[in-house]
Amino acid sequence: EVVNRQQNAVASAGSRSKPLSITVIGSCDSLPGSKQPIVQIGVTIGTGIGLASGDSENCKKTPDCFGADNDPSRFEGVRAGLAPLPLHSNLEVNFNVMKDLQLGLFFRGQIIELAWMVGAKLRYMVLSEEPHRFYTGLGVGFGEAAMVVDLGPEFNNFRDIVRAYGPAHVGFSIGYLLSLHDNVGLQFDLYTPIHFPDFTFHFDLSVGPYFQF
425 EVVNRQQNAV ASAGSRSKPL SITVIGSCDS LPGSKQPIVQ IGVTIGTGIG LASGDSENCK
485 KTPDCFGADN DPSRFEGVRA GLAPLPLHSN LEVNFNVMKD LQLGLFFRGQ IIELAWMVGA
545 KLRYMVLSEE PHRFYTGLGV GFGEAAMVVD LGPEFNNFRD IVRAYGPAHV GFSIGYLLSL
605 HDNVGLQFDL YTPIHFPDFT FHFDLSVGPY FQF
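The numbering of the sequence shown is this note's numbering, which starts it at 425 and goes up by one.
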């Protein structure tokens, strides 16, 4: 159909009752940019906050915490409360197993207070149209995390480490992927590992680039 600038039809071929029939013989290549990447690699950094409910790691080892005249045996742990987790980095490798489904592996390492976790994640793209994609996911793994706790005036305001040993965890995640190029983008991820049988949990917020091929 041919229309003029006023969008009025001035000529046409075929009609609804007598449409034109066209047979295409041969192969058809995918349109540019329509091929789905196979693998996505993400490198992010971030910080977190979690529930500190275990034993202090260093207080019993130094008089800076309990004082020269105090008995360190009175210290049996810290009161449960929220505490920060120092800087961490993540490496993720995800494979597109279906159009909106990814399966991958991750490694999380804390940099200031050394601790590590490894595991696997399953991610579902709630909104999958680039450049803005949102996902939710489920993860499983093992390892530990380190929380920095201020023990208060009773222990000379000593800042110590309380570890989430787990050693196993299940986690839930939500995230946002912003495509900057066909192969490069920016990832924002919130992951919540729940450790067991030594129960505790924390929230990890991470951001960084991803590369897909």
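Every residue gets a Cβ at the ideal spot worked out from N, C-alpha and C, and that includes glycine.
- Each residue's CA atom was taken as its position, placing Phe620 and Phe530 some 19 angstroms apart.
- Asp613 is bridged by DSSP to Gly599 and Ser630.
- Of the other Cβ atoms in all chains shown, fewer than 16 fall within 10 Å of the Cβ of Phe637; this residue is therefore exposed.
- Contact between Ile473 and Ser513 is absent: CB atoms are separated by about 17 angstroms, not below the 8 angstroms threshold.
- In this chain, the alpha helix (DSSP H) harbouring Asp488 covers Pro487 to Phe490.
- Between the region 608-617 and the region 584-600, the count of Cβ pairs shorter than 8 angstroms is three or higher; the stretches touch.
- Under a 10 Å Cβ-count criterion, Leu575 is classified as buried, with 16 or more other Cβ atoms of the shown protein chains found around its own Cβ.
- For Phe623, the secondary structure class from DSSP, reduced to helix, strand or coil, is coil.
- For the pair Tyr559 and Ala569, the Cα-to-Cα distance works out to about 24 angstroms.
- Under the three-state reduction of DSSP, Lys484 is assigned to helix.
- Residues of the same chain with a CB within less than 6 angstroms of the CB of Leu614, apart from the 5 flanking positions on each side, are Ile598 and Leu629 in chain order.
- Contact between Asp584 and Ser480 is confirmed by a C-beta separation of about 4 angstroms, below the 8 angstroms threshold.
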